[in-house]
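Written below as structure tokens is the structure these notes are about.
Numbering (the numbering used here), first residue to last: 9 to 75.
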């Protein structure tokens, strides 16, 4: 359903609102790009691998201990 405007003020308000929503969306995309870029850095990969190794080794030691 199309909105019917009765004044230029309403049109200007809607245009301003849409412009602000667009700017917010662009900034959110920039933030996501930055976060994604940070997640792909080698330090993050090493940290993730070390965390997984630590969890597996603890599980393995507990398993060996109870056998």
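Beta carbons are placed, not taken as given, at the ideal position from N, Cα and C, and that holds for glycine.
Asked: What three-state label does DSSP hand residue 56 in the structure shown?; Found: helix
Asked: Which residues in the same chain have their Cβ closer than 7 Å to the Cβ of residue 74, if we skip the five residues on either side of it in sequence?; Found: none
Asked: What is the rounded straight-line gap between the Cα of residue 12 and the Cα of residue 19?; Found: 10 Å
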